[in-house]
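Read in the numbering used here, the sequence shown has 132 at position 53, and its numbers run on one by one without any break.
Below is one structure; the comments refer to it alone.
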Amino acid sequence: MFVGSTYIIHDLERTVLGYATIEIRERVLSRTRQNTLLANTVTTEYFYTLLCFVDGDGTAEIDEGELLAEVSLGYYEYAGRSQPRLL
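Laid out in structure tokens, this is it:
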């Protein structure tokens with residue numbers, strides 16, 4: 080998910096998000112999680128919240144994982160980069 084990218088709905092009946100268009104304006108770290116693996120190797124996972132313009136005039140905070148899942152399932156499709164505007 081890239082700042083400035085736009086996604087449009089492709090399958091309205093299946094989406095949980097329900098927005099016609101999503102424009103990503105900011106990507107903010109929301110939390111981290113550390114996992115200890117074998118041989119005491121520690122990995123850190125990073126989770127992000129996307130601050131977005133939705134449906135042309137609204138705003139929303141969307142979990143990056145949720146949008147990524149919906150794009151992967153084909154519910155949304157990438158529509159290109161949007162023009163810069165202030166949040």
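Glycine included, each C-beta is placed from N, C-alpha and C at the ideal position.
The model shown is predicted, which means the values in this text are computed figures rather than measured ones.
Handout entry: Ala148 in three-state terms, based on DSSP
Key = Here Ala148 sits in helix by DSSP.
Handout entry: Contact under 7 Å by Cβ, Ser109 with Thr128
Key = yes
Problem - Residue from Ala118, Phe81 and Gly137 whose Cα sits closest to the Cα of Glu105 - result: Per the Cα distances, Phe81.
Practice task
Drop a sphere of 10 angstroms on the beta-carbon of Tyr157, count the other beta-carbons inside from all chains shown, and report buried for 16 or more, exposed for fewer.
Solution key: exposed
Practice task
Label Ile88 either buried or exposed according to how many other C-beta atoms from any shown protein chain fall within 10 Å of its C-beta, with 16 as the threshold for buried.
Solution key: buried
Handout entry: Residues near Gly153 by beta carbon distance below 8 Å, same chain, minus five either side
Key = His89 and Asp90
Exercise for the section: Using alpha carbons as the reference points, say which of Ile101, Tyr86, Glu92 and Gly83 lies closest to Asp136. Expected result: Ile101
Problem - Close Cβ partners of Thr115 (< 7 Å) along its chain, the five nearest in sequence each way excluded - result: These residues qualify, in order along the chain: Val121.
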